[in-house]
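Visitor: My questions all concern the structure below.
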Amino acid sequence: MLKLSGLNVFYGPIQALHGISLEVQAGEIAAIIGANGAGKTTTLRAISGLIRSREESIYFEGKSIDGMAAEKIVGLGIAHVPQGRRIFPGLTVAENLNLATASWRKRGMSIDGDLARVYELFPVLKQREKQLGWSLSGGEQQMLAVGRGIMARPKLLLLDEPSLGLAPKVVEELFETIKQINREDGTTILVVEQNAFMALSIADHGYVLEMGEVVLRGSASELMTNDLVKSAYLGE
Ligand code: ATP
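In terms of the numbering used here, the sequence shown opens at residue 415 and continues consecutively.
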């Protein structure tokens, strides 16, 4: 579904990504793990068109999407749930969710089914439907951000560090729901995480990023038992 082939990204004169190559197969969960500053966020921002790649290197369903406007990329079926959630604090839960659906409503399509699905996956959001974004807990805000991503009906959902700042119990529940979205809705997922254990425990395949380069790749179970991954990322 997604292929990066030698992706180079620069911030001014500084090269943040050095020839990243990876593939995400339709229907799977892929994980990119790596430390702070490894280039995980930059990779996702390049895929969703928020930052430009230098040359043609990003392919979605076989077609190059380099240089395409971010809103066009959303229209192709790629939704990005950014690091830090970026929900709108002054809007209600329902308003935050509706924001992602402008293009469906413009075409006269109903969003009731999408909303019902988000509330089924995250029942607490239904209870908080009329509450303002700022009044939610960190975990609820992350659920809202993922819910907003789902409202865009993505084929590919990009998740940037969904575990950040959340208590372990909340992280476990959230990752269980991410797995459920993949399994039940058939949504392909690319998740980037510093929490390597959680990401690899739900993923089919994984990539280890260091200093803007892929240094290891393999099935999630292979990476879980790899000595470098165990010592550097799993704290063993
Ligand atoms: P984190 O877990 O902190 O989000 P990351 O793996 O997502 O880390 P990136 O945020 O992609 O890493 O950063 C990759 C490199 O690019 C880092 O060296 C970072 O300092 C640099 N970088 C990121 N954003 C910018 C920017 N706007 N301008 C200049 N350099 C940047």
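The C-beta atom is built at its ideal place from N, Cα and C for all residues, glycine as well.
Quick check: what's the CA-CA separation for Pro503 versus Glu509?
Guide: Distance between the alpha carbons of Pro503 and Glu509 is about 10 Å.
Visitor: Taking the C-alpha atoms as reference points, what is the distance between Thr591 and Arg500?
Guide: Their Cα atoms are separated by approximately 20 Å.
Visitor: Quick one: any contact between the stretch 521-529 and the stretch 598-606, if contact means 3 or more CB pairs under 8 Å?
Guide: As far as the Cβ criterion goes, the stretch 521-529 does not touch the stretch 598-606, which means the pair count is below three.
Visitor: Check whether the stretch 427-440 and the stretch 625-632 are in contact - that is, three or more C-beta pairs closer than 8 Å.
Guide: Taking 8 Å as the limit for Cβ pairs, the verdict is that the stretch 625-632 does touch the stretch 427-440.
Visitor: Looking only at its chain, what residues have a beta carbon closer than 6 Å to the beta carbon of Ile443, apart from the 5 residues adjacent to it on each side?
Guide: The residues are Asn596, Ile603, Ile616, Ala617 and Asp618.
Visitor: Does the structure place the stretch 566-574 close enough to the stretch 484-492 that three or more beta carbon pairs sit under 8 Å?
Guide: Result yes; three or more Cβ-Cβ pairs closer than 8 Å.
Visitor: Which residue marks the beginning of the alpha helix (DSSP H) containing Glu534, and which one marks its end?
Guide: Unbroken alpha helix (DSSP H) run through Glu534: Asp526 to Leu535.
Visitor: Just verifying my parser: in three-state terms, what is the DSSP assignment at Glu586?
Guide: Here Glu586 sits in helix by DSSP.
Visitor: Is there at least one non-hydrogen atom of the ligand ZN closer than 8 Å to the beta-carbon of Gln497?
Guide: Of the ligands this structure carries, namely the ligand ATP, none is the ligand ZN.
Visitor: Note down the Cα distance separating Asp528 from Asp641, rounded to an integer number of angstroms.
Guide: Cα-Cα distance, rounded: 42 Å.
Visitor: Got a list of residues with beta-carbon closer than 6 Å to any non-hydrogen atom of the ligand ATP, in chain order?
Guide: Every residue passing the under-6 Å Cβ criterion appears here: Tyr425, Ile428, Ala430, Gly448, Asn450, Gly451, Ala452, Gly453, Lys454, Thr455, Thr456, Gln497 and Gln608.
Visitor: Return the chain-ordered list of same chain residues with a C-beta closer than 8 Å to the C-beta of Arg466, the five sequence neighbours on each side being excluded.
Guide: Excluding positions up to five away in sequence, the list reads Val423, Ala460, Asp480 and Gly481.
Visitor: Which residues bound the beta strand (DSSP E) around Glu624?
Guide: Run containing Glu624: His619 to Glu624, per the beta strand (DSSP E) assignment.
Visitor: Can you tell me which of Ile447, Val532, Ser462 and Arg468 puts its alpha carbon nearest to the alpha carbon of Pro427?
Guide: Minimum Cα distance to Pro427 is reached at Arg468.
Visitor: From Met612 to Lys583, what does the alpha carbon distance come to, in whole angstroms?
Guide: Using only the alpha carbons, I get a separation of about 11 Å.
Visitor: Taking the continuous alpha helix (DSSP H) assigned at Gly561, which residues delimit it?
Guide: Counting along the chain, the alpha helix (DSSP H) containing Gly561 begins and ends at Gly552 to Met565.
Visitor: Specify, as a first and last residue, the run of the beta strand (DSSP E) that Asn510 falls within.
Guide: From DSSP, Asn510 is part of no beta strand (DSSP E) but of the alpha helix (DSSP H) over Val507 to Asn512.
Visitor: If we count the other Cβ atoms within 10 Å of its Cβ and call it buried at 16 or more, is Gln541 buried or exposed?
Guide: Gln541 should be labelled exposed.
Visitor: What residues in its chain sit with their C-beta under 8 Å from that of Gly547, if we drop five residues either side in the sequence?
Guide: Once the five neighbours on either side are set aside, the close Cβ partners of Gly547 are Ile501, Phe502, Pro503, Gly504, Leu505, Thr506, Val507, Asn510, Gln555 and Leu558.
Visitor: Name the DSSP bridge partner or partners of Gln429?
Guide: BP columns for Gln429 point to Phe424.
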